[in-house]
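Q: Every letter in the sequence shown is one number past the one before it in this note's numbering, and letter 100, counting from 1, is 100. Here a beta-carbon is modelled for each residue, glycine too, at the ideal position from N, C-alpha and C.
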Amino acid sequence: MTFVVTDNCILCKYTDCVEVCPVDCFYEGPNFLVIDPDECIDCALCEPECPAEAIFEEDDLPDGQEGFIALNAELAQKWDNITEMKDPMPEAKKWDGVKNKLDKLER
Ligand code: SF4
Ligand code: F3S
């Protein structure tokens, strides 16, 4: 079991989540974060920390977000580890809550 970062993180990237992860399993891209499913210990600490409510357990994903399971696994292998909070994306407030941002994902 793992937790998964979903669509609403894109272009927001608040990074509150990384501060609480006991196993440092978040990986950072240009405008999105992912969780490495092989490292996540399913502790659930990150889920309530995300201001964008973008983190879900893989068995509890909102409809239409299932593709993010594979996307987290794939991008965690490509991107660099992030363990400290940083400033959110400059237009995070504007993009928070906008649906279907996957076409804006930068790899
Ligand atoms: Fe890290 Fe726990 Fe969140 Fe998994 S559920 S990403 S181990 S904080
Ligand atoms: Fe993204 Fe939420 Fe973390 S917006 S960077 S999953 S705090």
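State yes or no: is the C-beta of Trp117 within less than 9 Å of the C-beta of Leu11?
A: Since the displayed the chain opens at 1 and closes at 107, residue 117 lies outside it and no answer follows.
Q: Cutting at 7 Å between CB atoms, please list the residues of its own chain near Cys50, excluding the five before and the five after it.
A: Here residue 50 refers to the residue found at position 50 when the sequence shown is read from its first residue. If we look at Cys50 and ignore the five residues flanking it on each side, its Cβ neighbours are Tyr14, Asp16 and Cys17.
Q: Leaving out five residues before and five after Phe108 in sequence, what residues of the same chain have Cβ atoms less than 8 Å from its Cβ?
A: Past the boundaries of the shown model lies residue 108; the chain is included only from 1 to 107, so the question cannot be answered.
Q: Taking the beta carbon of Ala54 as the centre, do at least 16 other beta carbons fall within 10 Å, making it buried, or is it exposed?
A: Reading the sequence shown from its first residue, position 54 is the one you call residue 54. By the neighbour-count rule (16 or more Cβ atoms within 10 Å), Ala54 is buried.
Q: Using a Cβ-Cβ cutoff of less than 7 Å, which residues in the same chain neighbour Ala52 once the five nearest sequence positions on both sides are dropped?
A: Here residue 52 refers to the residue found at position 52 when the sequence shown is read from its first residue. Cβ neighbours of Ala52 beyond the five flanking positions: Asn8, Cys9, Cys12, Tyr14 and Asp96.
Q: Helix, strand or coil: how does DSSP classify Ile69 here?
A: Taking the sequence shown and counting its residues from 1, the one referred to as residue 69 is at position 69. Helix.
Q: If I measure Cβ to Cβ from Ala92 and keep anything under 6 Å in the same chain, skipping five residues before and after, which residues do I get?
A: Along the sequence shown, one-based indexing puts residue 92 at 92. Taken in chain order, the residues that qualify are Cys12.
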